[in-house]
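Protein chains in written order, with the working numbering: chain R, 8 to 574; chain A, 8 to 574. Built from N, CA and C at the ideal position, the CB exists for glycine as well. From a predicted model like this one, the values you see are computed outputs, not experimental measurements.
Number of protein chains: 2
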Amino acid sequence: MQVVVIGANACGAKAACRVKRLNPKVEVILIDKDDLISYGACGIPYFVSGDVPYENALRETSYHVVRDEKFFRNAKGLTVLTKTLAEEIDRKRKTVRVRYLDSGKIEEIPYDKLVIATGSKPRILNLPGIDLEGVYTISNLHKAIEIKERIARGQVEKPLVIGAGLIGLEMTEAFADLWGLPVTLLEYFPQVLPKNLDPFTARIVENHLKEKGINLVLNARIKEIVGKEGRVIGVKTEREFYPADLVLMAVGVEPNTELAKKAGLLVSPLTGGIMVNERLQTSDPDIYAGGDCIEVTHLITGKKVVMPMGSLANRQGRVIGTNIAGGVATFKGTVGAFIMKCFDLSVGGAGLTLSQAKAEGFFASYALNNQTERSHFYPGAEYAYYALIFDKKTTRILGFQAIGPFTDGTLARIHAISSILPHKPLVEDLINLELAYAPPFNSALDPIHDTAHVADNILRGLFEPMEWEEVLRRLKEGDPNSYIIDLRHPKEAEYLVKNFSNVKPILYQEFRYHLDKIPKDKDIILICNSSRRAYEVARLLKAEGFERVYVPLGGISFPRKWGELVK
Amino acid sequence: MQVVVIGANACGAKAACRVKRLNPKVEVILIDKDDLISYGACGIPYFVSGDVPYENALRETSYHVVRDEKFFRNAKGLTVLTKTLAEEIDRKRKTVRVRYLDSGKIEEIPYDKLVIATGSKPRILNLPGIDLEGVYTISNLHKAIEIKERIARGQVEKPLVIGAGLIGLEMTEAFADLWGLPVTLLEYFPQVLPKNLDPFTARIVENHLKEKGINLVLNARIKEIVGKEGRVIGVKTEREFYPADLVLMAVGVEPNTELAKKAGLLVSPLTGGIMVNERLQTSDPDIYAGGDCIEVTHLITGKKVVMPMGSLANRQGRVIGTNIAGGVATFKGTVGAFIMKCFDLSVGGAGLTLSQAKAEGFFASYALNNQTERSHFYPGAEYAYYALIFDKKTTRILGFQAIGPFTDGTLARIHAISSILPHKPLVEDLINLELAYAPPFNSALDPIHDTAHVADNILRGLFEPMEWEEVLRRLKEGDPNSYIIDLRHPKEAEYLVKNFSNVKPILYQEFRYHLDKIPKDKDIILICNSSRRAYEVARLLKAEGFERVYVPLGGISFPRKWGELVK
Chain R
8 MQVVVIGANA
18 CGAKAACRVK
28 RLNPKVEVIL
38 IDKDDLISYG
48 ACGIPYFVSG
58 DVPYENALRE
68 TSYHVVRDEK
78 FFRNAKGLTV
88 LTKTLAEEID
98 RKRKTVRVRY
108 LDSGKIEEIP
118 YDKLVIATGS
128 KPRILNLPGI
138 DLEGVYTISN
148 LHKAIEIKER
158 IARGQVEKPL
168 VIGAGLIGLE
178 MTEAFADLWG
188 LPVTLLEYFP
198 QVLPKNLDPF
208 TARIVENHLK
218 EKGINLVLNA
228 RIKEIVGKEG
238 RVIGVKTERE
248 FYPADLVLMA
258 VGVEPNTELA
268 KKAGLLVSPL
278 TGGIMVNERL
288 QTSDPDIYAG
298 GDCIEVTHLI
308 TGKKVVMPMG
318 SLANRQGRVI
328 GTNIAGGVAT
338 FKGTVGAFIM
348 KCFDLSVGGA
358 GLTLSQAKAE
368 GFFASYALNN
378 QTERSHFYPG
388 AEYAYYALIF
398 DKKTTRILGF
408 QAIGPFTDGT
418 LARIHAISSI
428 LPHKPLVEDL
438 INLELAYAPP
448 FNSALDPIHD
458 TAHVADNILR
468 GLFEPMEWEE
478 VLRRLKEGDP
488 NSYIIDLRHP
498 KEAEYLVKNF
508 SNVKPILYQE
518 FRYHLDKIPK
528 DKDIILICNS
538 SRRAYEVARL
548 LKAEGFERVY
558 VPLGGISFPR
568 KWGELVK
Chain A
8 MQVVVIGANA
18 CGAKAACRVK
28 RLNPKVEVIL
38 IDKDDLISYG
48 ACGIPYFVSG
58 DVPYENALRE
68 TSYHVVRDEK
78 FFRNAKGLTV
88 LTKTLAEEID
98 RKRKTVRVRY
108 LDSGKIEEIP
118 YDKLVIATGS
128 KPRILNLPGI
138 DLEGVYTISN
148 LHKAIEIKER
158 IARGQVEKPL
168 VIGAGLIGLE
178 MTEAFADLWG
188 LPVTLLEYFP
198 QVLPKNLDPF
208 TARIVENHLK
218 EKGINLVLNA
228 RIKEIVGKEG
238 RVIGVKTERE
248 FYPADLVLMA
258 VGVEPNTELA
268 KKAGLLVSPL
278 TGGIMVNERL
288 QTSDPDIYAG
298 GDCIEVTHLI
308 TGKKVVMPMG
318 SLANRQGRVI
328 GTNIAGGVAT
338 FKGTVGAFIM
348 KCFDLSVGGA
358 GLTLSQAKAE
368 GFFASYALNN
378 QTERSHFYPG
388 AEYAYYALIF
398 DKKTTRILGF
408 QAIGPFTDGT
418 LARIHAISSI
428 LPHKPLVEDL
438 INLELAYAPP
448 FNSALDPIHD
458 TAHVADNILR
468 GLFEPMEWEE
478 VLRRLKEGDP
488 NSYIIDLRHP
498 KEAEYLVKNF
508 SNVKPILYQE
518 FRYHLDKIPK
528 DKDIILICNS
538 SRRAYEVARL
548 LKAEGFERVY
558 VPLGGISFPR
568 KWGELVK
């Protein structure tokens, strides 16, 4: 049997090696148009930043051998053809026509089983000036090396990043943190990470970026990339001109499906991805596909999506390898779990955002929670911020978002949530989740539990949540129909009481002795740090016959982390 | 309605507050024989160590108010009776007879619903000298304060801990790490954490304890606690005398069930815990019980167990509160998830150990994996060690153990595993787990994936594992029928090759060119760091007709972490 694999990164390299391991007698030919193969593409921002000192570190095994052609040949027993472009698949004759890019020679390579792992390509905005020198996308490791060399030579003083998605943010940090460059970051949408977060969490990231000196511009409508003598000098939006000597476009990627289309394989017009079954066979059962070029099932919506993630690509490579070698393995779909480092923060999530959930027709709502990662009495415990998206009719969990310090605490919560999301858990199932506890790691009730408790209390009608946008409006307008009570220690309450006419201080632990002070004809809005005290007081007021009692979601910790209500 | 709650710590305090929140009009009376209530008992070792500077820190809310009687009365609206002993329950008349410990006065308190949250008491070994001054158990916060004061006054120079379970290890660290005391740790079993780990992981902890200067004695058969003039001066085992001026006994806890037994409630003779249904009602439906005093269902075996964990107690308190207030909540059982800090390590697990699984009749086997927590190219990535216990017939996951540096990386893996264990996952389900990935946090394939891959490869018969005990024996005996190949870089292989006559070096990535060197009449044992390279070479050798090829589980990283095969 002869197996041909097109694409020698995450999915392709994994599939090729897995086939060979399962059946060392199979001839496996691994083809790539590049000469740098099997590099950790997700590591590129850390290479550009300098955290990873040289490019080969991204290509090394854990035992420090570079995964080059020779390695794949000698260690793995594969035939590796680099700088070799797969131009066409002849499915009847079962051959791939390749062009050796150095010599220009063309050859037909026969296959019994074929793997298409052609990955994705960066999306390019249709803008004037896109071809100017100094305008980049991160399409491969060569581009990253070029950018890093330009910075190292001191040729970059004003980098500008277009797109505040995962890669855009990682590259922003790479420019700013290690090289100390003043980065401008332009985002079309009114928030960062629009595919991953909702405004209530995204604003925490935005405020952190500002604290780190990033010139973040949301709602940016770019008109033109401006050049002079063929080199980029800046970017013009509808409103302003931003000088720049390097522009990195990070506005998403598209599946690389030309080869598959030309071969007549089914490619979805909706998602743009190659259509595969659960065993990752394309519409031609002798041809498998995996990685960024395929569409997969979103396990929350049941719909097809493209989800270009290195972790999925690697898992898909193993599935393909097993199936080709005669075993049975399947890839059921994705819940879109992600994690990222953003300066001093870790940011993660899984499932749908609130806006995605609403767009999908769910009766979606959300709960917020703010809690120390470790037991609050444990030294160095820092606050983290959590959001849970759920369906109000079925109580089903639809998504989860977490932002904390740069520890593995966020990973821990995302790992738990992404592990159970395929089981379609309800809010109650999160409450019943068993999560290990010791004070150096968390509280007796993990942040996942307490976030689920907030959702549960909303679902049971135990309190009436109010969004902070609304509270902020009433504060700033001095709304006379709102009686806003700050339940915190007088020192903490001082700022709100002094600056907003409709805020009164009543200490939480003495509240029940001041019920006579509370007006019955106003909206009562209860403020504390995380909303735990506010919830408790709301229960008391309800029992005492007060009807219009509101608890701002997540407590004042959230707007403060957005940069609001801070002295 | 009047609700009486006996026991004002984790479960009891939670149940009382939850009832009151759900229905503020209910009268809730919270009774405890102690004056210090609602403290984070799991935080005691960190208080003794000094990490938590004063005892009230353990009793504070996250907003720094001490949870004393006044707090529960004013903030929560409960009636709190401290220093009040519940002596007897009269189920017919629905009253609890209490004794006020200060005045000696006795009173009958009526209840509509009663909660028994009497917790556990430390197990006391039946040894001569147990009553000597200076012999302690950690039965409550008072004892911890006493110990800490003795240390602070310089009255403790030679502490000795009996029992290397979770609390024994935490207290050992508290004595040694912050106070710099030379601790002797005696354990009856041949390993530390005998309820939580198997020898292959426990030995990592044992070696770490030795590196930290702990005098760890396994297989200790204690004969007597020796005193002089009423004060402890040491501990005598069958073999030796260990001087000590403070002895801490941490040999487990027992459910506190006397009150329940006296009231005629069903208490299991097998587990010793109060029997409850999923809504946590005892055999009297008006009496609920939760926390360390009850038995619960182990979700792997289906059997009843006592599982005294603060996290479960808190969750059970909420369930009881909901049910008493007229809602419906259940507690289904436990998978025994735990996490702990042990000096520079984090140690965690869930499910059964290998020996527990075998004792339960499972056809149990295990896989080991060693992997950097972060991407291996990411700066500061440290190794962690993983074990997966599975059933060879059904491929069901039975347990998981993880040891890593003191980050939240171990928590992340235990959170994922404990979250899905109740769903009875198979090895394949772990392979298919979606786990978020970015290089600062993990590899594209998370350690959970790669550990499951090892198990999968064993189940599919892709390689023949060998236990390190057996490999070590063959190395040390110079077994001539074993041909042991070190596949690592020549520098790394040097130590084994020089010191053991039956070890030959053949570099992994050139292995396929040296097949003629390999004898067909010997056991071929393949060594590399983590067993990844060994597995690959084993596949090649099998395909070339070699039959007796063995891969030591987890690679040489494991015995080296045990302190073996280290220069």
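Nearest candidate by alpha-carbon position, reference residue i, set the options
i, options, result
"residue 159 of chain A", "A:430, A:187, A:175", "A:187"
"residue 171 of chain R", "R:201, R:156, R:151, R:185", "R:201"
"residue 139 of chain A", "A:508, A:242, A:118, A:296", "A:242"
"residue 526 of chain A", "A:195, A:540, A:551", "A:551"
"residue 533 of chain A", "A:519, A:493, A:571, A:554", "A:493"
"residue 250 of chain A", "A:500, A:149, A:403, A:190", "A:190"
"residue 239 of chain R", "R:52, R:430, R:142", "R:142"
"residue 409 of chain R", "R:206, R:58, R:92", "R:206"
"residue 476 of chain A", "A:572, A:274, A:457", "A:572"
"residue 483 of chain R", "R:262, R:509, R:81, R:500", "R:509"
"residue 448 of chain R", "A:432, A:414, A:469, A:478", "A:414"
"residue 576 of chain A", "A:217, A:223, A:98", "With chain A covering only 8 through 574, there is no way to say anything about residue 576 of chain A."
"residue 112 of chain A", "A:333, A:47, A:569, A:91", "A:91"
Short Cβ contact (8 Å threshold) for residue i with residue j
i, j, result
"residue 169 of chain A", "residue 426 of chain R", "no"
"residue 375 of chain A", "residue 561 of chain A", "yes"
"residue 397 of chain R", "residue 462 of chain R", "yes"
"residue 390 of chain A", "residue 564 of chain A", "yes"
"residue 298 of chain R", "residue 29 of chain R", "no"
"residue 420 of chain A", "residue 454 of chain A", "yes"
"residue 21 of chain A", "residue 325 of chain A", "yes"
"residue 264 of chain A", "residue 303 of chain A", "no"
"residue 43 of chain R", "residue 19 of chain R", "no"
"residue 411 of chain R", "residue 402 of chain R", "no"
"residue 233 of chain R", "residue 136 of chain R", "yes"
is_contact[residue i, chain R] using C-beta, thresh 8 Å
i, result
"residue 546 of chain A", "yes"
"residue 351 of chain A", "no"
"residue 393 of chain A", "no"
"residue 49 of chain A", "yes"
"residue 382 of chain A", "yes"
"residue 603 of chain A", "Because chain A in this structure spans residues 8 to 574, residue 603 of chain A falls outside the shown range and cannot be described."
"residue 559 of chain A", "no"
Any C-beta of chain A under 8 Å from that of residue i
i, result
"residue 442 of chain R", "yes"
"residue 389 of chain R", "no"
"residue 368 of chain R", "no"
"residue 14 of chain R", "no"
"residue 206 of chain R", "no"
"residue 23 of chain R", "no"
Residues within the region 406-429 of chain A neighbouring chain R, beta-carbon criterion of under 9 Å: 413, 414, 415, 416, 417, 418, 419, 420, 421, 422, 423, 424, 425, 426, 427, 428, 429
Chain R contacts from the region 57-84 of chain A (Cβ-Cβ distance under 7 Å): Listed in sequence order: 58, 59, 64, 65, 67, 69, 70, 72, 78, 81, 82, 84.
Within 7 Å of chain A by C-beta, residues of the region 500-516 of chain R in sequence order: 515, 516
Residues, ordered as in the chain, of the region 315-334 of chain R that lie near chain A by beta-carbon distance below 8 Å: 316, 317, 318, 319, 320, 321, 322, 325, 334
Residue ranges of each alpha helix (DSSP H) within the region 121-155 of chain R, 4 or longer: none
Interface residues of the region 27-55 of chain R facing chain A [CB-CB below 9 Å]: 27, 28, 29, 30, 31, 32, 47, 49, 50, 52, 53, 54
Contiguous beta strand (DSSP E) assignments of at least 3 residues, all confined to the region 10-63 of chain R: 34-38
Proximal residues, the region 302-315 of chain R versus chain A, C-beta separation under 9 Å: Answer set for the region 302-315 of chain R: 306.
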